Amino acid sequence: MGDRPKGEFSATAQHMSMLQATIGSKRASESWLYSYKRSFNGFVAKLTEEEKTKIASLEGVVSVFPSTKKQVHTTRSWDFMGFPVTAERTKTESDVIVGMLDTGIWPESPSFDDKDFGGPPSKWKGSCQSSSNFTCNNKIIGARYYHSEGTISPPDLPSPRDSEGHGSHTASTAAGGLVYGANLYGLGAGNARGGVPSARIAVYKICWSDGCSDADILAAFDDAIADGVDIISISVGGFFAFDFDDPIAIGAFHAMKNGVLTSNSAGNSGPDSASIVNFSPWSLSVAASTIDRKFLTSVQLGNNESYVGVSVNTFVPENESYPLVYGGNVPNTAGGYDNTSSRYCEPDSLDPKLVAGTIVLCDGLSDAEPVTVAGAAGTIMHDDYFRDLAFSFPLPASYLGYDDGNKVYDYINGTSKPTATIFKSVEANDTSAPFVVSFSSRGPNPITADILKVELRL
Numbered sequence: 450m451g452d453r454p455k456g457e458f459s460a461t462a463q464h465m466s467m468l469q470a471t472i473g474s475k476r477a478s479e480s481w482l483y484s485y486k487r488s489f490n491g492f493v494a495k496l497t498e499e500e501k502t503k504i505a506s507l508e509g510v511v512s513v514f515p516s517t518k519k520q521v522h523t524t525r526s527w528d529f530m531g532f533p534v535t536a537e538r539t540k541t542e543s544d545v546i547v548g549m550l551d552t553g554i555w556p557e558s559p560s561f562d563d564k565d566f567g568g569p570p571s572k573w574k575g576s577c578q579s580s581s582n583f584t585c586n587n588k589i590i591g592a593r594y595y596h597s598e599g600t601i602s603p604p605d606l607p608s609p610r611d612s613e614g615h616g617s618h619t620a621s622t623a624a625g626g627l628v629y630g631a632n633l634y635g636l637g638a639g640n641a642r643g644g645v646p647s648a649r650i651a652v653y654k655i656c657w658s659d660g661c662s663d664a665d666i667l668a669a670f671d672d673a674i675a676d677g678v679d680i681i682s683i684s685v686g687g688f689f690a691f692d693f694d695d696p697i698a699i700g701a702f703h704a705m706k707n708g709v710l711t712s713n714s715a716g717n718s719g720p721d722s723a724s725i726v727n728f729s730p731w732s733l734s735v736a737a738s739t740i741d742r743k744f745l746t747s748v749q750l751g752n753n754e755s756y757v758g759v760s761v762n763t764f765v766p767e768n769e770s771y772p773l774v775y776g777g778n779v780p781n782t783a784g785g786y787d788n789t790s791s792r793y794c795e796p797d798s799l800d801p802k803l804v805a806g807t808i809v810l811c812d813g814l815s816d817a818e819p820v821t822v823a824g825a826a827g828t829i830m831h832d833d834y835f836r837d838l839a840f841s842f843p844l845p846a847s848y849l850g851y852d853d854g855n856k857v858y859d860y861i862n863g864t865s866k867p868t869a870t871i872f873k874s875v876e877a878n879d880t881s882a883p884f885v886v887s888f889s890s891r892g893p894n895p896i897t898a899d900i901l902k903v904e905l906r907l
């Protein structure tokens, strides 16, 4: 993407003329999707490999690359970092506009209440794509959504509203207002807020249930820069790409040229060295780290042995205990599965007749959706990979270490009627914090090791 030409010019006319001269008028009108014209110069078109080669050979064309799909990267953080509620604030903070490129936002969340906010800053030039199910306010001062490929169908929503949750999470982390007594069914109780609670938020929904299109990412950068945001936050990434072929690097470059800082996630491909996916020198790459709070979930077996795992389990057991089975012992043979897949509790691999109402031991960590669909009352997962992060699941669950999981396995296979109970999680102090979590991508910069990456961990 090149700079936007100075003065008056018609980007769409220029781009159509280029296409028509190269691939013909009929194909040009069929292939063109849209132009980037507010902050930089470029366009999106559906091209064959031959047409792509012709366009790339034209004078003045910097790069031509396919639009691929990227994925999003996943209350007490600011206190732990020494930035408490009582930190001195300045009046100018309410003029700061944070542009969030993500899955959208849930405007009714208390984090985005506009009480005590005046009108948007005069520098704001953006707009709000309001609808019957979405409106902006003086906290969320702008919102747009982008969907260049196909139709929008459930669970996705044709508005800036967030149907995934990731965008609301990142927006509240960056600039969410102060919410007293925030908790998850009693867990993690405290006062939730973002880093700059008085800042304004501009939403650019680029991600959907199937990912985030490169074409939409660039369109959002194009608008955000021209709209007048001060900071762009994007927690999205894909695979390794050189700067000329990386939409996030390209967008961040033009943002930098216009005085706008881009803060992007380093990636979720750790812990291998040089696994960082967002590493352009003109952006701020942020890794994920732990805080001084962890959630522990105990499992008690029928022999009174107890093991402590990690998870965010808000469920209180309805019964004293449940039958306990091993996934590898209950394959869905009628569906063509055996224990090579059922031991990992893969989709459709478990026999619902044997799993219903039981707690299932699974080898490895998963989202527990297949166990839930099979009718289980709970699940125990075990390995030694992501032991430094607590996940939440759609049913009672605990994630044990490999050795403890093997002890549960031995109990199942050495007992005629094994049972277990999964208790609600409890909070504990993590004295080892902060450290970079295992899933977070690492440096060094895979292209230029002399340029430090990652710069910050949060």
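Each position in the sequence shown, counted from 1, maps to that position plus 449 in the working numbering.
C-beta atoms are modelled at their ideal positions from N, C-alpha and C, and glycine is treated no differently.
Quantities reported herein were computed from a predicted structural model and do not represent experimental measurements.
V748 versus A823: straight-line alpha-carbon distance, rounded
21 Å
So, is T880 buried or exposed, given that buried needs 16 or more other C-beta atoms within 10 angstroms?
exposed
What would DSSP say about D879, mapped onto helix, strand or coil?
coil
Going by alpha carbons, who is nearest to D511 out of S865, S760 and I699?
The identity of residue 511 in the sequence shown is Val, whereas the question assumes Asp. Of the listed residues, the one whose Cα sits closest to V511 is I699.
Do you know whose CA, among S608, D452 and G677, lies nearest N582's CA?
Answer by Cα proximity: S608.
For R836, which option in P867, V885, E818 and V857 has the closest C-alpha, if you only look at C-alpha atoms?
Residue V885 is the option with its Cα nearest to R836.
Local conformation of Q520 per DSSP, three classes:
strand
If you follow the alpha helix (DSSP H) that H831 is in, where does it begin and where does it stop?
No alpha helix (DSSP H) contains H831, which is instead part of the beta strand (DSSP E) from G827 to H831.
Taking the beta carbon of S617 as the centre, do at least 16 other beta carbons fall within 10 Å, making it buried, or is it exposed?
buried
Y851 in three-state terms, based on DSSP:
helix
Sequence-distant residues of the same chain with beta carbon closer than 7 Å to A494, five excluded per side
L468, S480, W481 and L482
So within the region 621 to 677, which uninterrupted beta strand (DSSP E) runs reach at least 3 residues, ignoring any that extend past its ends?
The region 621 to 677 contains these whole beta strand (DSSP E) runs: 628 to 633, 636 to 641, 649 to 654 and 660 to 662.
Where F529 and K572 are concerned, what is the direct C-alpha to C-alpha distance, given to the nearest angstrom?
Below a pLDDT of 50, predicted positions are generally treated as unreliable, and F529, at 44, falls in that range; the measurement from the model is reported next regardless. In a straight line, the C-alpha of F529 is about 34 Å away from that of K572.
Under the rule that 16 or more other beta-carbon atoms within 10 Å means buried, what is G548, buried or exposed?
buried
Tell me which same chain residues have a C-beta within less than 6 Å of the C-beta of G854, skipping the five on either side of it?
H831
Just to check my reading of the structure: A460 and S484 have Cβ atoms closer than 8 Å, yes? What is that Cβ distance to the nearest angstrom?
4 Å
Since I believe L773 is in contact with T861 (beta carbons under 8 Å), could you give me their beta-carbon distance rounded to a whole number of angstroms?
The question names Thr, but residue 861 is Ile in the sequence shown. That belief holds up - the Cβ atoms of I861 and L773 are roughly 6 Å apart, short of 8 Å.
I believe I681 touches V709 by the beta-carbon criterion, under 8 Å. Please report the beta-carbon distance rounded to the nearest angstrom.
Contact between I681 and V709 holds: their C-beta atoms lie close to 6 Å from each other, under 8 Å.
Helix, strand or coil for S543 per DSSP?
Looking at S543 - three-state DSSP - the assignment turns out to be helix.
With distances taken between CB atoms, is the gap from A664 to S516 smaller than 8 Å?
yes
Can you give me the start and stop residues for the alpha helix (DSSP H) that K743 sits inside?
Per DSSP, K743 lies in no alpha helix (DSSP H) segment; the continuous beta strand (DSSP E) that holds it begins and ends at R742 to L750.
Nearest CA to the CA of P556: which residue from V521, K519, D812 and D611?
D611
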